[in-house]
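There are 2 protein chains.
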Amino acid sequence: MITNINYNHFYYFWMVSNAGSIAKASKALHLTPQTISAQISMLEQRLGKQLFIRKGRQLVLSDYGRVSKQYADDMFAIAEEWLETTQGNDTYLKTLKVGISDALPKSLVTRWLAPIINSDSNIKLTCIDGKQEELLSQLAIHKLDLLLSDTPADNSYNLKVFCHEIGKSNIGLYARHHHARELQADFPQSLNNQRMVLPGKDSPTSRAIEYWLNEQHLNVSIVSHVDDSALMKAFGKQGLGIFPAPILIRDDVKTSHEVSLIGQVSNVYQSYYLITPERMVSDTFSTRLLEQARMGESTENSAVSPSTTDD
Amino acid sequence: MITNINYNHFYYFWMVSNAGSIAKASKALHLTPQTISAQISMLEQRLGKQLFIRKGRQLVLSDYGRVSKQYADDMFAIAEEWLETTQGNDTYLKTLKVGISDALPKSLVTRWLAPIINSDSNIKLTCIDGKQEELLSQLAIHKLDLLLSDTPADNSYNLKVFCHEIGKSNIGLYARHHHARELQADFPQSLNNQRMVLPGKDSPTSRAIEYWLNEQHLNVSIVSHVDDSALMKAFGKQGLGIFPAPILIRDDVKTSHEVSLIGQVSNVYQSYYLITPERMVSDTFSTRLLEQARMGESTENSAVSPSTTDD
DNA sequence: TTCACACATCGAAAATACCGAATGATTACA
DNA sequence: TGTAATCATTCGGTATTTTCGATGTGTGAA
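And the structure:
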């Protein structure tokens, strides 16, 4: 019969290996040295290997001890984080840390998160935006609860995450009011020799649009690839070029960036994803967000022809 | 006086939350239900919060319990990995898991690792190659001990790693024997209108060479960007184009790929890095590798002019 | 050598982990 | 509806472990 290992012993071992000696650790733990000495001996006996080697009147880690300490470091770092974040106040229960890929239109994000905030008045929301890759690693180490992104989670890093589609929209092309009006007439041929601002070079949207342009035999000069969708729209607002944005948020785009829809890029969609850590499949917020997204989908994801637009 | 928390209690809590009930956990732990029940009550008392809520005759996790379980999952996953890898045989002590960025010339890697293997006959070496980004995340979760790469660790993911330069070399351009001989004469002007194969688009080497070509007013057609350095060289061997490789390994390149050095790209260097987890600064292998790299540096990192080459 | 220091060992105490028996409450099923 | 099975818990007693004081041993410094 093999007994379970005693994690308190392992904790003592960790304290000693950090303090450098049993004597120092005993002070930190409010115990006497002989107690700790005995406990560690028991752990060594259970493991069948020495953790420490006596060097002079000092204890030094054995090879095995050194390896074990690395695991202990990780383990008890988590334990301390657990106690720090959950002892005392209860805000951690009501704080939702959401990562937002900077390629996402902010008005869409608002649309997704607003109902959640409104439904439960004492939720604290923390938003962090950045590139999907950065945010994914944050998600993996529990610094984030959710991640909203325009690209599905690639598991090239072997992180355990779930990816749910929460929205889909056709892409429209926008330009300043008078400019858009000119281009609407002969869309999409009118785009020829126009200037254009696109999202990041590696984004699926950017690639899809470039493919579409090629397919339509349109020759446009792409003046810039911009990772941040807000910045891209700001460029467009300044008249630097035509820019794409989801049809789904055309009203927002029109009013806040003073532009008009020229037309719709046929057969090009942008999808949006909610990425959650594997463990959290039954999380309250995520499920609510998914439900809401699914509801919205049926009513709002309607393709629009350029003729129905106005400004 | 606040007592330390009892990690064995936490372990019982984890077992119960996994098993779904105290009854099932008690079987797995070879204990009676009342024991576990009492221990968990003690833990709850110590924490000042309920972990479970009675729902019928079942226990369900409270909000606080759910959060705590996530920490427990992480903690004891590490603990189990610790026991799995260190119990039983002692090979873990002698197994060095090295990640190798696929952009690295394999002959350089061999050169670095060979002396280590030879010096200690019972070392087991495990090599894993892939993109630096993938390997970095592996390093962070202890799946790798070291990482050899041609790009320094960018800490855009907030992983705790150390980065040491272990080598540096000028870049040379290579082509098939007869082709190289033709081009040597008027190098670098002779490169005009030649075809070229380069490493990955985002690699510093690739960028540096493209910049250099521009600077020299050379117009070459880049037929391909290849992430894997071996594949790039294979392309070059097939005569698809001129390709770059470190001067440091010119002899290897010449013999194994049946090509000759055309000339050296002035002022373009490639550096090589050893990336280690923060915890492992005093690791035996790493220090030895660093020492050896430093020794090699003084003798081997000599720039070579194209005139001194032969084939 | 002597002293101070650090860890280990021993034996007794206090603390606690554990179990058997019994209770109450819930669910499954006849 | 009633009965049996299941599950968590409470209580009291026992076994084990944890802890400490006293003591021993080896080390390094004065």
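Residue numbers (this note's numbering), protein chains in the order written: chain A, 2 to 312; chain B, 2 to 312. Heads up, the beta-carbon is just placed ideally off N, CA and C, and yes, glycines get one too.
Put simply, the CB of Tyr175/B is far from chain A, with every gap to its CB atoms at 7 Å or more.
Contact check for Tyr273/A against Asp151/A passes: the beta carbons are separated by less than 7 Å. The count of Cβ pairs closer than 8 Å, one atom from the stretch 210–220 of chain B and one from the stretch 250–263 of chain B, stays below three, leaving the stretches out of contact.
Taken residue by residue, none of the stretch 225–240 of chain B has a beta-carbon sitting less than 9 Å from a beta-carbon on chain A. The alpha carbon of Ile276/B has as its nearest neighbour, out of Asn171/B, Pro153/B, Arg289/B, Glu216/B, the alpha carbon of Pro153/B. Lys70, Gln71, Tyr72, Ala73, Asp74, Asp75, Met76, Phe77, Ile79, Ala80, Glu82: these are the residues of the stretch 70–82 of chain B whose beta carbon lies less than 9 Å from some beta carbon of chain A, given in chain order. Scanning chain B for C-beta atoms nearer than 8 Å to the C-beta of Val254/A yields nothing, as the closest lies near 30 Å away. Just measuring C-alpha positions, the residue of Leu48/A, Arg47/A, Tyr65/A sitting nearest Ile54/A is Tyr65/A. Sequence-ordered contacts of the stretch 194–219 of chain A with chain B are nonexistent [C-beta pairs closer than 7 Å]. For Val110/B, same chain residues with a beta-carbon under 7 Å away, outside a window of 5 residues either side, are Ile101, Leu149 in chain order.
Taking C-beta atoms under 8 Å as the contact rule, Val198/B and Val224/B qualify, at a distance of about 6 Å. Between Leu52/B and Phe77/B, the gap from beta carbon to beta carbon reaches 7 Å or more.
If you draw a 10 Å sphere on the C-beta of Ile167/A, you find 16 or more other C-beta atoms in it, and that means buried. In this chain, Asn19/B is not harboured by any beta strand (DSSP E); it is covered by the alpha helix (DSSP H) spanning 8–20.
Contact annotation: in the stretch 11–43 of chain A, residues whose CB is within less than 9 Å of a CB in chain B are Phe11, Tyr12, Leu30, His31. The beta carbons of Leu140/A and Pro278/A sit closer together than 7 Å. Unbroken alpha helix (DSSP H) stretches of 4 residues or longer found wholly inside the stretch 150–206 of chain A: 178–185, given in chain order. In this structure Asp146/B does not touch Leu114/B by the C-beta definition: roughly 12 Å separates them, more than the 8 Å allowed. Beta-bridge partners assigned by DSSP to Ile23/A: none are found. Straight-line spacing of the CA atoms in Met233/A and Gly131/B works out to 33 Å. Taking 7 Å as the cut-off, the Cβ atoms of Ile248/B and Gln195/B do not count as close. Close partners of Thr87/B in chain A (Cβ separation under 7 Å): Tyr65, Val68, Ser69.
Against Asn9/A, the close residues of chain B are Asn7, Tyr8, Asn9, in the order they occur along the chain (beta-carbon pairs closer than 7 Å). The distance from the Cβ of Gln59/B to that of Ser18/B is about 12 Å, inconsistent with a contact at the 8 Å cut-off. Judged by DSSP in its simplified three-state form, His226/B adopts strand.
Secondary structure at Gly100/A: strand, using DSSP grouped into helix, strand and coil.
Note on Arg182/A: under 16 other CB atoms within 10 angstroms of its CB, so exposed under the neighbour-count rule. When the Cα atoms are used, Leu219/B and Val227/B turn out to be separated by approximately 21 Å. Partner residues in a beta bridge of Ser69/B, as assigned by DSSP, do not exist. Neighbours of Tyr93/B across chain A, judged by C-beta separation under 7 Å: Val68. From the beta-carbon of Ser102/A, no residue of chain B is found nearer than 9 Å; the closest lies around 14 Å away.
With a 10 Å radius around the Cβ and a threshold of 16 neighbouring Cβ atoms, Leu137/A comes out buried. A check of alpha carbon separations from Lys144/A across Glu82/A, Gly240/A, Lys107/A identifies Glu82/A as the nearest.
In the structure shown, Ser42/A adopts helical secondary structure according to DSSP, grouped into three states.
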